[in-house]
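Residue numbers (my numbering): 445 to 566.
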Amino acid sequence: MTYKNVTVAGSGILGYQIAFQAAFHGFNVSVYDINDEVLEKAKAKFQLMCKAFRKDLKVTQEQLDMAFDNLSYTSDLAEAVKDADLMIEAIPEIPDIKIEFYEMTVISVTTNSSTIPSVTCT
Ligand SMILES: NC(=O)c1ccc[n+]([C@@H]2O[C@H](COP(=O)([O-])OP(=O)(O)OC[C@H]3O[C@@H](n4cnc5c(N)ncnc54)[C@H](O)[C@@H]3O)[C@@H](O)[C@H]2O)c1
């Protein structure tokens with residue numbers, strides 16, 4: 445499977461950096477957080493990252509523009525994950541928040557396949 449669309453849940457200390465790095469490297473990134481106010485803060489942090497990328501990595505404005513074009517923002521979880529190939533979770537290290545989030549997002553899959561799992565396991 446080729447990953448193209450990445451959802452980053454949580455745009456705090458870790459999440460905004462992961463989101464920007466992924467967008468810079470060509471992934472379509474949906475940044476998801478609890479409300480628009482927090483997402484606005486993430487946008488401001490992306491601008492700060494740009495400065496660091498320019499200074500330390502000598503990247504071009506064209507590369508940065510591409511990264512911003514790859515970023516979208518939403519506080520709607522269904523919208524955030526609708527096209528996702530991969531979700532990277534970066535929400536607070538608080539058990540109740542993590543449990544609630546995973547209960548809302550993760551599905552379990554079982555297979556009745558007779559041969560493929562055993563073939564791949566040998
Ligand atoms: N900060 C670090 O240096 C560091 C290092 C290694 C691992 N981690 C881990 O990374 C994860 C994130 O840590 P952080 O420091 O970036 O946290 P943070 O508190 O800086 O950011 C968390 C973000 O998640 C958002 N959030 C809260 N509830 C949410 C929900 N239900 N759905 C979506 N977003 C929600 C918050 O609004 C915030 O923007 C944690 O599991 C932490 O243990 C952090």
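No residue lacks a Cβ here, since even glycine has one placed at the ideal position from N, Cα and C.
On a predicted model such as this, the values are computed, not experimentally measured, just so you know.
Around the beta carbon of Asn514, 16 or more other beta carbons lie within 10 angstroms, which makes this residue buried.
Within the stretch 446 to 523, the runs of alpha helix (DSSP H) at least 4 residues long that lie entirely inside it are, in chain order, 457 to 468, 480 to 501 and 505 to 513. In the structure shown, Glu537 adopts coil according to DSSP, grouped into three states. Between Asp477 and Gly454, the C-beta gap is smaller than 8 Å, which places the two residues in contact. The stretch 532 to 540 makes no contact with the stretch 481 to 490; the number of CB pairs closer than 8 Å stays below 3. If the five residues before and after Gly459 are omitted, its C-beta is found closer than 6 Å to the C-beta atoms of Val452 and Ala534, all from its own chain and listed in chain order. Val450 places its beta carbon less than 8 Å from that of Ala528. Across the structure, Lys495 and Glu544 are spaced so that their CA atoms are roughly 36 Å apart. Between ligand 1 and the CB of Tyr476, the shortest heavy atom gap is smaller than 7 Å. One Cα belongs to Phe464, the other to Asp540, and the distance between them is close to 27 Å. In the structure shown, the three-state DSSP call for Ile532 is strand. With fewer than 16 other Cβ atoms inside 10 Å of its own Cβ, Leu501 counts as exposed.
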